[in-house]
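**Q** Respectively, the protein sequence lines represent chains H and L. Everything in the first sequence is counted per the working numbering, starting at 1 for the first residue and increasing by one. Everything in the second sequence is counted per the working numbering, starting at 1001 for the first residue and increasing by one. Glycine is no exception: its CB is placed at the ideal position from the N, C-alpha and C atoms. First, the structure itself, so that you have it in front of you.
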Amino acid sequence: MAVESEVWVGAAPRRRPEPKRLPTRERWVRRGPLLPALIFAIVLTQLPFLFTLYYSVRERNLLRPGSDRFVGLKNYGKVATDDLFRNAVFNTIKLTVSAVLLSMLLGVALAVVLDKKFLGRGIVRTLLITPFLVMPAAAALLWKTSIFNPVFGLLNWVLSLFGVSNVDWVNRFPMPSIVMVLTWQWTPFMMLIVLAGLQSQSPEILEAAKVDGATAWATFRRITLPHLRQFIELAVLLGSIFIVQTFDSIFMITQGGPGQATTNLPYFIYQKAFRAFDVGEAAAAGVIVVAATIIIATFALRVISGLFQEEA
Amino acid sequence: MAVATTPPITAERAAAARRRRGGKVSGGTVAIGIVAWVVGLLFFSPVLWMFLTGFKQESQASTDPPTFFFTPTLDQYRAIFDRDFAPYFINSATASIVSVVLVIILATPAAYALSIARVAKWRDGLFFFMSTRMMPAVASILPLYIIAKNIRMLDNIWFLSLVYTAMNLPIAVWMIRSFLIELPKEVLEAARVDGAKLFTEMRRVILPMIAPGLAATALICFIFAWNEFFFAVSLTATKAATVPVFLVGFITSEGLFWARLSAASTMAVLPVIIAGWIAQKWLVRGLSLGAVK
Chain H
1 MAVESEVWVG AAPRRRPEPK RLPTRERWVR RGPLLPALIF AIVLTQLPFL
51 FTLYYSVRER NLLRPGSDRF VGLKNYGKVA TDDLFRNAVF NTIKLTVSAV
101 LLSMLLGVAL AVVLDKKFLG RGIVRTLLIT PFLVMPAAAA LLWKTSIFNP
151 VFGLLNWVLS LFGVSNVDWV NRFPMPSIVM VLTWQWTPFM MLIVLAGLQS
201 QSPEILEAAK VDGATAWATF RRITLPHLRQ FIELAVLLGS IFIVQTFDSI
251 FMITQGGPGQ ATTNLPYFIY QKAFRAFDVG EAAAAGVIVV AATIIIATFA
301 LRVISGLFQE EA
Chain L
1001 MAVATTPPIT AERAAAARRR RGGKVSGGTV AIGIVAWVVG LLFFSPVLWM
1051 FLTGFKQESQ ASTDPPTFFF TPTLDQYRAI FDRDFAPYFI NSATASIVSV
1101 VLVIILATPA AYALSIARVA KWRDGLFFFM STRMMPAVAS ILPLYIIAKN
1151 IRMLDNIWFL SLVYTAMNLP IAVWMIRSFL IELPKEVLEA ARVDGAKLFT
1201 EMRRVILPMI APGLAATALI CFIFAWNEFF FAVSLTATKA ATVPVFLVGF
1251 ITSEGLFWAR LSAASTMAVL PVIIAGWIAQ KWLVRGLSLG AVK
């Protein structure tokens, strides 16, 4: 906050008044450039959410015109006691935790490798970030067909060289299959952020550790990992926010199945809204998800805010 | 004193560094290089396989064992365009480009207000934008769908573009802000002293200096818009359907149209892969909302 008052203040360099004491007109002039974006964001993201709140206390089905009445918290009760909703919650947690952990472990390992000098480092880096750029819907379909297919899939062909016979991946291991695709997709994300962390280390400290005779592992554990902590936290939190919302791969690979084995919250709500057209219950489920997200996001913001204060 | 003590230490360190480098080039570096290449190729292989399969005949696409050597053909690409792939591609391009242009127009002044001009409560403003990105899309999809239906904007590419603009706005505001706070204050002050008005200052001084940053932001937003599926599949049907929606048609193709699917996917992913390779340098910054450089 001390930094804040010293910085560039705009039109009145001398005896700068507190923002509150600026004349009303001046305040609006300053706010002007912000307003279009602010209004746009409110109209397209906040207003719809208010509608969601409104729908969540009404019974309404788009397939039955005229069915629209106030029902209080009935939808919330229905959703909360719905076994399928609880199943979706658990699936979401399983999916997010495993995909985030796996991609983070791989990401750290790959970042450490990419931090070293070797022939063609730029090319390898480019190859490694590509999975993150591939359209998730296309990636999901390709994994489902060319890689996971029990008869013609690449995965089974590779495993057959080691004597493993044909496995029907998507049907026998639906959740691990999805986690595998997500890990493939998100490892580059984790890797890039961790790599940026590694490269921001001061070379002098590492050099000093070497001179003092520290082993590579000790240096990594005692110096590098603590330095990386906030980068890892940031990557985990941002990654979680995105992975919680996974929809494309589930829609394309398993359609939430077999049974409900891979139905996560976004897919559950999608089904409620666009297959059953049950507006009330879908909205109530949506509100519950937002409440949960706000709790998680509060932690996320605290971490990001920490990074952000350092830079200010 | 200082002069007397420094040289030995520096020499010792330099020697240590030389020793280390000398020792590693032969063994360690080569081993690391090999591991890196193997893992890199492994991660890339699904993409490479897709690219190759797109040039096969259908009979070569699903075989056991997989076909590695074949005569490339453009048949699948022809087949896709016969199946009217072009409108989907144009829709994707329209939604992505329109939303990127809108995002930059809206986010640049906002980022300016939240960094250089520092409106009151600028921190709250920044976090407000961030929070809109954290809100799950599923929470707003129903109202968006119903509103679009009521104003007859369902299956409309312009409506989808607006949704993408809202989706990318927080990323753009944060990213552009991170470029703005790096501008040297002296330059801005000089412009102010010369009596430049806000708009002139923006256009003449700030915009040219952050142009590379704006380009990077645009590329990142383009990637997210182009790859978006959830809104596309919920809000469009036939007229405004984008490339990922085109791919939905392949969901049930059990070993039937793999080569065609691969060709379509190659077309679908190519623009973003190229954009991403170009924007590599800024990718981290975009993904971390400007927090990591």
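If we ignore side chains and look at the alpha-carbon of each, how far apart do L:LYS1024 and L:SER1045 end up?
**A** Within the second sequence, the letter at position 24 stands for residue 1024 of chain L. Within the second sequence, the letter at position 45 stands for residue 1045 of chain L. The predicted position of L:LYS1024 is uncertain, since its pLDDT is 46 and thus under 50; a value taken from the coordinates is nonetheless stated next. Cα to Cα, the separation comes out at about 30 Å.
**Q** For H:LEU265 and H:ASN91, what's the separation of their Cα atoms in angstroms?
**A** The residue you call residue 265 of chain H lines up with position 265 of the first sequence. The residue you call residue 91 of chain H lines up with position 91 of the first sequence. Those two C-alpha atoms are separated by around 8 Å.
**Q** Ends of the alpha helix (DSSP H) at H:ARG69?
**A** The residue you call residue 69 of chain H lines up with position 69 of the first sequence. Unbroken run through H:ARG69 is the beta strand (DSSP E), 68-70; no alpha helix (DSSP H).
**Q** What is the DSSP secondary structure of H:ASP168, reduced to helix, strand or coil?
**A** Translated into the one-based positions of the first sequence, residue 168 of chain H becomes position 168. Coil, per DSSP.
**Q** Am I right that H:VAL179 and H:ALA99 are in contact with their C-beta atoms under 8 Å? What's the rounded C-beta distance?
**A** Taking the first sequence and counting its residues from 1, the one referred to as residue 179 of chain H is at position 179. Taking the first sequence and counting its residues from 1, the one referred to as residue 99 of chain H is at position 99. 5 Å between Cβ atoms; contact.
**Q** Specify the secondary structure class of H:GLU204 as computed by DSSP and reduced to three states.
**A** Start at 1 with the first residue of the first sequence, and residue 204 of chain H comes out as number 204. It is helical.
**Q** Taking only beta-carbon atoms, is L:LEU1055 less than 9 Å away from chain H?
**A** Residue 1055 of chain L sits at position 55 when you count from the first residue of the second sequence. The residue you asked about is not Leu; residue 1055 of chain L is Phe in the sequence shown. No, because no Cβ of chain H sits closer than 9 Å to the Cβ of L:PHE1055.
**Q** Flag H:TYR76 as yes if its beta-carbon sits less than 9 Å from any beta-carbon of chain L, otherwise no.
**A** Reading the first sequence from its first residue, position 76 is the one you call residue 76 of chain H. Answer no: the Cβ-Cβ gap between H:TYR76 and chain L never drops below 9 Å.
**Q** By the 8 Å beta-carbon criterion, what residues does the segment 104-129 of chain H contribute toward chain L?
**A** Answer set for the segment 104-129 of chain H: LEU110, VAL113, LEU114, LYS116, LYS117, PHE118, LEU119, GLY120, ARG121, ILE123, VAL124, ARG125, THR126, LEU127, LEU128 and ILE129.
**Q** Under a three-way DSSP split, which group does H:GLU26 fall into?
**A** If you number the first sequence from 1, residue 26 of chain H lands on position 26. H:GLU26: helix per DSSP, three-state reduction.
**Q** With a threshold of 9 Å between beta carbons, is L:LYS1293 in contact with chain H?
**A** Residue numbering aside, residue 1293 of chain L sits at position 293 when the second sequence is read from its first letter. Chain H, which has a Cβ nearer than 9 Å to the Cβ of L:LYS1293, makes this yes.
**Q** Short check: CB of H:ALA261 to CB of H:ILE269, under 9 Å?
**A** Position 261 of the first sequence, counting from 1, holds the residue named residue 261 of chain H. Position 269 of the first sequence, counting from 1, holds the residue named residue 269 of chain H. No, Cβ-Cβ distance for H:ALA261 and H:ILE269 is not below 9 Å.
**Q** I'd like the span of the beta strand (DSSP E) that includes H:ARG58, first residue to last.
**A** Here residue 58 of chain H is taken as the residue at index 58 of the first sequence, counted from 1. Taken as a continuous stretch (DSSP letters only), the beta strand (DSSP E) holding H:ARG58 covers 58-60.
**Q** Looking at chain L, is there any beta carbon in it that lies within less than 9 Å of the beta carbon of H:ALA276?
**A** By one-based count along the first sequence, residue 276 of chain H stands at place 276. It does not: the Cβ of H:ALA276 has no partner Cβ on chain L nearer than 9 Å.
**Q** Would H:PRO258 count as contacting chain A if we go by Cβ distances under 9 Å?
**A** Note that chain A does not occur in the displayed structure, where the protein chains are H and L.
**Q** In chain L, what lies closer than 8 Å to H:SER240 by C-beta?
**A** Sequence index remark: in the first sequence, residue 240 of chain H carries index 240 (1-based). Chain L residues near H:SER240: none, gap ~10 Å exceeds 8 Å.
**Q** Which residues, in chain order, does the segment 85-103 of chain H contribute to contact with chain L at a C-beta distance below 9 Å?
**A** The residues in question: there are none.
**Q** Between the segment 1049-1061 of chain L and the segment 1259-1275 of chain L, are three or more C-beta pairs nearer than 8 Å?
**A** Short answer: they touch.
**Q** Just checking: is the beta-carbon of H:GLN201 within a distance shorter than 9 Å of some beta-carbon in chain L?
**A** Residue 201 of chain H sits at position 201 when you count from the first residue of the first sequence. False, the Cβ-Cβ gap to chain L never drops below 9 Å.
**Q** Between the segment 1144-1165 of chain L and chain H, which residues of the former have CB atoms less than 8 Å from a CB of the latter, in chain order?
**A** For the segment 1144-1165 of chain L, which is checked against every Cβ of chain H, the residues closer than 8 Å are LEU1144, TYR1145, ILE1146, ILE1147, LEU1162, VAL1163 and THR1165.
**Q** What does H:ASP278 pair with, by DSSP beta-bridge criteria?
**A** Start at 1 with the first residue of the first sequence, and residue 278 of chain H comes out as number 278. H:ASN61.
**Q** When Cβ atoms are compared, which residues of the segment 218-248 of chain H fall closer than 9 Å to chain L?
**A** Those residues of the segment 218-248 of chain H that come within reach of chain L (Cβ to Cβ, closer than 9 Å) are PHE231, LEU234, ALA235, LEU238, ILE241, VAL244, GLN245, PHE247 and ASP248.
**Q** Along the segment 1043-1070 of chain L, where does the CB come closer than 7 Å to a CB of chain H? Name the residues.
**A** Taking 7 Å as the Cβ-Cβ cut-off against chain H, the residues of the segment 1043-1070 of chain L that qualify are PHE1043, PHE1044, PRO1046, VAL1047, TRP1049, MET1050, THR1053, SER1062, THR1063, ASP1064, PRO1065 and PRO1066.
**Q** Find out if the Cβ-Cβ distance for the pair L:LEU1287, H:LEU192 is shorter than 9 Å.
**A** Residue mapping note: residue 1287 of chain L aligns to position 287 of the second sequence, counting from 1. Residue mapping note: residue 192 of chain H aligns to position 192 of the first sequence, counting from 1. In this structure, H:LEU192 lies closer than 9 Å to L:LEU1287 by Cβ.
**Q** With a CB to CB cut of under 6 Å and the five nearest residues on each side skipped, what residues in its chain are close to L:VAL1205?
**A** Here residue 1205 of chain L corresponds to residue number 205 of the second sequence, with the count starting at 1. Excluding positions up to five away in sequence, the list reads ALA1191.
**Q** Exposed or buried, which one is L:SER1059 when buried takes at least 16 other CB atoms within 10 Å?
**A** Taking the first residue of the second sequence as position 1, residue 1059 of chain L is located at position 59. L:SER1059 is exposed by the Cβ-count criterion.
**Q** When you measure from the CB of L:PRO1046 to every non-hydrogen atom of the ligand MG, does any distance come out below 8 Å?
**A** For the ligand MG, the structure offers nothing, since it holds no ligand at all.
**Q** Leaving out the 5 sequence neighbours to the left and right, which residues in its chain are closer than 7 Å to L:GLY951 when beta-carbon positions are compared?
**A** The requested residue 951 of chain L is not part of the displayed model; chain L covers only 1001 to 1293.
**Q** According to DSSP, is L:ALA1117 helix, strand or coil?
**A** Working through the second sequence from its first residue, we reach residue 1117 of chain L at position 117. Reduced to three states, the DSSP call for L:ALA1117 is coil.
**Q** CA-CA distance, H:ASN75 and H:GLU59?
**A** Locating residue 75 of chain H in the first sequence gives position 75, counting from the first residue. Locating residue 59 of chain H in the first sequence gives position 59, counting from the first residue. Rounded to the nearest angstrom, the two C-alpha atoms are 8 Å apart.
**Q** Quick one: give me the first and last residue of the alpha helix (DSSP H) that H:GLN185 is part of.
**A** Numbered from 1 along the first sequence, position 185 holds the residue referred to as residue 185 of chain H. It spans 174-199 - the alpha helix (DSSP H) in which H:GLN185 sits, taken as one unbroken run.
**Q** So what does DSSP say about L:LEU1289, is it helix, strand or coil?
**A** Within the second sequence, the letter at position 289 stands for residue 1289 of chain L. Note: L:LEU1289 maps to coil in three-state DSSP.
**Q** Would you kindly report the start and end of the unbroken alpha helix (DSSP H) that includes H:PRO258?
**A** Along the first sequence, one-based indexing puts residue 258 of chain H at 258. Counting along the chain, H:PRO258 falls outside any alpha helix (DSSP H), and DSSP gives it neither H nor E.
**Q** CA-CA distance, H:ILE295 and L:LEU1214?
**A** In the first sequence, counting from the first residue as 1, residue 295 of chain H sits at position 295. In the second sequence, counting from the first residue as 1, residue 1214 of chain L sits at position 214. When rounded, the distance between both Cα atoms is 32 Å.
**Q** According to the Cβ coordinates, are H:VAL320 and H:SER146 closer than 9 Å?
**A** Because chain H here runs from 1 to 312, residue 320 of chain H falls outside it and cannot be looked at.
**Q** Find the residues of chain L that neighbour H:PRO136, judging by a C-beta separation of less than 7 Å, and give them in chain order.
**A** As a first step, residue 136 of chain H must be located in the first sequence, where it is residue number 136. Under the 7 Å cutoff, chain L gives ASN1227 and PHE1229.
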